[in-house]
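Engineer: Quick note, this note's numbering runs 4 ahead of the 1-based positions in the sequence shown. Think of the CB as a built atom: it goes at the ideal place given N, C-alpha and C, for glycine as much as any other residue. For clarity, every value in this text was computed on a predicted model and none was experimentally measured. Below you will find the structure I want to go over with you.
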Amino acid sequence: MAAAGAAAAAAAAAGAGGPGSAPQGLRGWLRSAYRFATDRNDFRRNLLVNLGLFAAGVWVARNLTDIDLMAPQPVP
């Protein structure tokens, strides 16, 4: 059952240009980025995406925490 699903997925990928082909245009790039980020069966990809999201969160936390939103604003 799983082999038939994998064969169908491989046939669909081959019909869409193959898994190693370059995406065409912005729509293809966005589609490939979405598929890269949401592939549930690839541990290394998921690790890379999660580490990237964690690093982005750390960067935001370190660089935006010194903004004091309650401080009085300068009068122009």
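Where do the ends of the alpha helix (DSSP H) carrying N50 lie?
Structural biologist: Segment F47 to L68, the alpha helix (DSSP H) holding N50.
Engineer: Measure the alpha-carbon distance for A60 versus R66 and round it to whole angstroms.
Structural biologist: Their backbone Cα atoms lie some 10 angstroms apart in a straight line.
Engineer: Kindly indicate the opening and closing residues of the alpha helix (DSSP H) around L34.
Structural biologist: Unbroken alpha helix (DSSP H) run through L34: G29 to T42.
Engineer: Check this for me: beta carbons of R49 and F58, under 8 angstroms apart or not?
Structural biologist: Not a contact, by the Cβ cut-off of 8 angstroms.
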